[in-house]
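Protein chains in written order, with our numbering: chain E, 1 to 402; chain Y, 403 to 1050. So the structure is just underneath, and the comments pick up after that.
As structure tokens, then:
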């Protein structure tokens, strides 16, 4: 067992060294490649050796994809598949089933020798998968990490996994709770704590046989023909849902902050990749500005400044011709999706987002500007007179047809 | 417009598990199937920077790989040779439209032209076909008779290709034109898969092992790249397997008909037929007449058509091997970056290692290899051992079922010797999914995605580079191609690779190779990857001016890309006055090799060099590379064919 640990540690160190040699691109995600391959090697060590194949795939991505978005998405896809595989394995229904060793005496002997260690690995695996996922989602880039809070989140996530029975769904719940916690301000830590409390409650209910995790089909319908607790529903459907729920955020780990705070936008393909002409005019309450929209123009991209407390439907300006009324919901405060400002905001996401994906990892965000469709020609944008003091309506850019 | 291919793919991907998997594994696969569709849907919106078609192909190939994994791992599978053939034909049906994204290439349009001549004119004279190319379904208007094509007494223009394949294509062509012709080949490919699975059964392989090898053979290169293309290779492989099975089972009708068809497909396969015939008739001289017919009929058919029993071939082809020597071909077929098994169909590397355990190979494998020996002995010294303008491994596609058998034997052997070779937490019933196999599977998936998404890249000019090397060279501006072994233009990597191959085979014979723990193997691979990458970024000792890492500002390739047997020339890049190229080279003294009919002048960096005329062949001139930065070489006067630059 100790030799196995040393073996994996050497492999992790060698892989990290190789990654450090290969890194060519300037983003913090690329810079963190050695860290990422170490994490993946650890996941492979506690789950299935095939997960380690993610290491050369990550390194290949660094070499062959010069386009930043494509490269980071490739990293995400590799991690998503690897974590999905690891979660499936942790559920005990992937490749370590006994049928592989049937008819092979040498392997049966080997399995018997290692079964005790193997059982330990299986027990540890969900915990380590969850911690690994959270590390990748929240600890890149390293500079803005608030260590005390992040360690607390890790501990709470580990507790959640333990309490929920180390199932794939438990991993997914713990990872999701961590992902959606801004951690700024401090009181947002109530999110993982709340999930932990709910988990404890659910576990207590389970202990009293009121609710049974994973095997709920059988309990809900005692006459069901599915009598085996390791039924198709529990083993396959739940483990797949758990794997999918972990894989999805991992696919966007390079922009995990944006994924957490602008989930609908990221699920719909991210911010639109549109051609734009920057304008950058801020209008205080009652001010107007004329903008010439060229023939290939399709709209103006507007956002608010210092309007995070305004609620949905609040009028922030108008666009002429056509007297288009611009409200919170069409646009939002420009920086509201930043980690430090997200919690305090009351703005919903713009209906037609026009922002740009900025930053990486947990600090990634999308500026919350919105697109207002207009015809080519002269457009007059007027900030509403009712805007609060210090607030403004910003004309960020003109949207062009691609 | 895009709906039909998507529906087609989804139907195929859904049918694959429904036809084979059962119980929990079916549910598991379907759940994962749905999850992958969900993930792909989300990822799709973020993938604007990539070729959507390639991404779609990648998705389908990965899903087929996932299915293959389930097929190999599931304990309870509905499995038979016929079912394997159905799986294969389903997947090949996806290839038919994929391979038509660009006009068919290589020998394909000529085979189709013969089919069209038979169907429309009831003859083999292609003269009128060449005159009116607008009517050919290949869409190739640039076709002209190939050099050496036979010409009849009355000016008839025949094809150099044997007519059996065009005849076999007739029903499919009449039914659906070019797609019908491709479907005919796909049917042959499915028959090949069926026969190969039967061959595995005949040799006593258990179903689990066969199912593990099946995707590598049926869905992996090279078979998958020939399964929907008009080449004789897949039908030949089918007849070859049937012949081996017939000989092994002592069924004269089977082996006689199979060998006759094999010989009629391509005259070169007579070399394979002869040893099998000898084996078949060795104890039963009653079949000698059949044997003579198998060799004689193709010769008579060709004599009747072209006036020569050997068609475009002559006895010199047998006794006068051209440049390169046997080592180039032998190691090239295994290791070459553009045309070798290691880079183009790595699963069959297992078969190469299995050769050192000859006595443990299945009887059919030994028979097949012995039968192919005369053919291989004549192939490997030839300068065109790599297959010329065709998808990779053309000349040995027919041998793949036998090599798959050897690979299967190797995997079974690996299980017996190394139960914990992969880390101890998984294993295999008959074949542990060892690290090597995982890497091979991963690489194979990449190869298939690339070949199906960009079918025109299956045809690669034999210039010593390969697609990967060219891509990286263009990306980073340094010579990455030199890292890939080339036996077409022999390089250091080829020599190092050959030495490593020999060492690995020796270790394999001593059964040491399988004991590297998985974590170390992957970590080692990562370090090799990093070392190769860093090495590739460094200036090369030799700069070949036609290569992809050289940035050309004007000028032209020498000789022209589609020159017949271009690999026989010293390639180069011709610069005329005012044109330039740039490259990264080692600072210091170097030797520039060039050819020029008249005196010329060039500037390398800041230095100007007068180049005397090199009327007879190539000359060299000493130059100095000033800095490690990118060097610009400009032609100041005249024209010069730049061959290469060798740093001291």
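From the three backbone atoms N, C-alpha and C, an ideal C-beta is built for every residue, glycine too.
Contacts that residue 67/E makes with chain Y (C-beta to C-beta distance below 9 Å):
Simply 451 and 452.
Find the residues of chain Y that neighbour residue 345/E, judging by a C-beta separation of less than 7 Å, and give them in chain order.
Under the 7 Å cutoff, chain Y gives no residues; its nearest Cβ is about 25 Å from residue 345/E.
At a CB distance below 9 Å, what residues from the stretch 38-55 of chain E approach chain Y? Give them in sequence order.
Under the 9 Å Cβ criterion, the stretch 38-55 of chain E contributes 41, 44, 45, 47, 48, 49, 50, 52, 53 and 55.
Compare the C-beta of residue 844/Y against all C-beta atoms of chain E and say whether one is closer than 8 Å.
Yes, residue 844/Y counts as interfacial toward chain E.
Tell whether a beta-carbon distance below 8 Å holds between residue 855/Y and residue 406/Y.
Result no, Cβ atoms of residue 855/Y and residue 406/Y do not sit closer than 8 Å.
Of all Cβ atoms in chain E, is any one closer than 8 Å to the Cβ of residue 855/Y?
Interface annotation, residue 855/Y: not in contact with chain E, CB-CB separation never under 8 Å.
Cβ closer than 8 Å: which chain Y residues qualify as neighbours of residue 7/E?
Residues of chain Y whose Cβ lies closer than 8 Å to the Cβ of residue 7/E are, in chain order, 919, 921 and 922.
With burial defined as no fewer than 16 other Cβ atoms inside 10 Å of the residue's Cβ, what is the status of residue 730/Y: buried or exposed?
In this structure residue 730/Y is buried. Its beta-carbon is surrounded by 16 or more other beta-carbon atoms within 10 angstroms.
Between the stretch 409-433 of chain Y and chain E, which residues of the former have CB atoms less than 7 Å from a CB of the latter, in chain order?
Residues of the stretch 409-433 of chain Y whose Cβ lies closer than 7 Å to any Cβ of chain E, in chain order: 426, 429, 430 and 433.
Closer than 7 Å: residue 123/E CB and nearest the ligand HEM heavy atom
The ligand HEM is not part of this structure, which contains no ligands at all.
Residue 447/Y: contacting residues in chain E (beta-carbon distance under 7 Å)
Within 7 Å Cβ-Cβ: 268, 269 and 270.
Nearest candidate by alpha-carbon position, reference residue 1037/Y, set 1031/Y, 978/Y and 1050/Y:
Out of 1031/Y, 978/Y and 1050/Y, the CA that lies nearest to the CA of residue 1037/Y is found in 978/Y.
Determine the chain E residues that contact residue 929/Y at a beta-carbon separation under 9 Å, and present them in chain order.
Think of a sphere of 9 Å around the beta carbon of residue 929/Y: the chain E residues whose beta carbon falls inside it are 14, 15, 17, 18 and 21, in chain order.
At a Cβ cut of 8 Å, what residues of the stretch 868-891 of chain Y count as close to chain E, listed as they run along the chain?
Under the 8 Å Cβ criterion, the stretch 868-891 of chain Y contributes 873, 874 and 877.
The beta strand (DSSP E) that contains residue 394/E, what's its start and end?
Counting along the chain, the beta strand (DSSP E) containing residue 394/E begins and ends at 392-400.
Beta-bridge partners of residue 954/Y, as assigned by DSSP:
983/Y.
Hey, out of 749/Y, 740/Y and 757/Y, whose CA is closest to residue 786/Y's CA?
Measuring from the Cα of residue 786/Y, the nearest candidate turns out to be 740/Y.
Starting from the C-beta of residue 990/Y, find all residues in its chain whose C-beta is less than 8 Å away, skip the five residues before and the five after it, and write them out in chain order.
Exclusion of the five residues before and after residue 990/Y leaves 1026, 1027, 1049 and 1050 as the residues of its chain whose Cβ lies within less than 8 Å of its Cβ.
The alpha helix (DSSP H) spanning residue 655/Y covers which residue range?
654-667 is the span of the alpha helix (DSSP H), which, as asked, contains residue 655/Y.
Roughly how many whole angstroms lie between the Cα atoms of residue 790/Y and residue 780/Y?
Distance between the alpha carbons of residue 790/Y and residue 780/Y is about 16 Å.
Opposite residue 978/Y in the DSSP bridges: which residues?
BP columns for residue 978/Y point to 1041/Y.
Using a Cβ-Cβ cut-off of 8 Å (strictly less than) and excluding sequence neighbours within five positions of residue 505/Y, which residues of its own chain qualify?
Taken in chain order, the residues that qualify are 511, 540, 541 and 542.
Inter-residue spacing [alpha-carbon to alpha-carbon] between residue 196/E and residue 248/E:
The straight-line gap from Cα to Cα measures roughly 22 Å.
From the DSSP output, which residues share a beta bridge with residue 612/Y?
None; residue 612/Y has no bridge partner.
Which same chain residues, not among the five before or five after residue 557/Y, have their C-beta less than 8 Å away from its C-beta?
The beta carbon of residue 557/Y sits closer than 8 Å to the beta carbons of 529 from its chain, once the five residues preceding and following it are set aside; these are given in chain order.
Am I right that residue 566/Y and residue 666/Y are in contact with their C-beta atoms under 8 Å? What's the rounded C-beta distance?
The Cβ separation is near 4 Å, so the contact holds.
Quick check: residue 1051/Y and residue 669/Y, are their CB atoms within less than 8 Å of each other?
Past the boundaries of the shown model lies residue 1051/Y; chain Y is included only from 403 to 1050, so the question cannot be answered.
Contact list for residue 437/Y against chain E, beta-carbon separation under 9 Å
What residue 437/Y touches in chain E: 84, 240, 241, 243, 244 and 247.
Using the Cα positions of residue 173/E and residue 5/E, report the straight-line distance between them to the nearest angstrom.
Looking at the two C-alpha atoms, the distance is approximately 29 Å.
Of all the residues that make up the stretch 157-174 of chain E, which are near chain A by a beta-carbon distance shorter than 7 Å?
In the structure shown, chain A does not exist; the protein chains are E and Y.
Helix, strand or coil for residue 831/Y per DSSP?
Only weak support is given to the placement of residue 831/Y: the predicted model assigns it a pLDDT of 38, under 50, and the question is left unresolved by the model.
Which stretch, first to last residue, makes up the beta strand (DSSP E) that contains residue 278/E?
Residue 278/E: member of the beta strand (DSSP E) spanning 275-284, first to last residue.
Chain-ordered neighbours of residue 590/Y on chain E, where CB pairs are closer than 9 Å
Under the 9 Å cutoff, chain E gives no residues; its nearest Cβ is about 34 Å from residue 590/Y.
Going by beta-carbon coordinates alone, are residue 50/E and residue 76/E separated by less than 8 Å?
Going by C-beta atoms, residue 50/E is not nearer than 8 Å to residue 76/E.
Can at least three beta-carbon pairs, one atom from the stretch 617-632 of chain Y and one from the stretch 570-587 of chain Y, be found at a separation below 8 Å?
Pairwise C-beta distances place the stretch 617-632 of chain Y in contact with the stretch 570-587 of chain Y, as three or more of them are shorter than 8 Å.
Express the C-alpha separation of residue 268/E and residue 827/Y in angstroms, rounding to a whole number.
Below a pLDDT of 50, predicted positions are generally treated as unreliable, and residue 827/Y, at 37, falls in that range; the measurement from the model is reported next regardless. Roughly 39 Å separates the two Cα atoms.
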